[in-house]
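Notes follow the structure.
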């Protein structure tokens, strides 16, 4: 991967805790619904598909700016204390060798 793609991946992809995943999913849904309603009203009032499309694209861009970056508020919970997250040692049998 090129350095530019790695930098973009590191900026866009960030870990957030599970409660915040639900919060951002709900926020994403409500912002897109609100943006769709506002864009539809703008398109209806101006009688223009072009204005509707521009308003909807602006609402999508605003939603992406609000939801995608891994803000510090999304990482308030410590995931390392979860019981299922603890590593376990597992014996892997290999053909021809005896497993203890």
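Numbering (UniProt numbering), first residue to last: 1 to 100.
Glycine included, every Cβ here is placed at the ideal spot set by N, Cα and C.
Because the structure is a prediction, the values reported are computed rather than measured.
Pick helix, strand or coil for residue i, following the three-state DSSP scheme.
| i | result |
| --- | --- |
| residue 18 | helix |
| residue 2 | coil |
| residue 94 | coil |
| residue 40 | helix |
| residue 68 | coil |
| residue 59 | helix |
| residue 53 | helix |
| residue 89 | coil |
| residue 25 | helix |
Does the beta-carbon distance from residue i to residue j come in below 7 Å?
| i | j | result |
| --- | --- | --- |
| residue 68 | residue 28 | no |
| residue 42 | residue 61 | no |
To which residues of the same chain is residue i closer than 7 Å at the C-beta, ignoring the five residues directly before and after it?
| i | result |
| --- | --- |
| residue 63 | 28, 31, 32 and 35 |
| residue 40 | 52 |
What does a CB cutoff of less than 8 Å around residue i pick up in its chain, not counting 5 residues either side in sequence?
| i | result |
| --- | --- |
| residue 38 | 55 and 59 |
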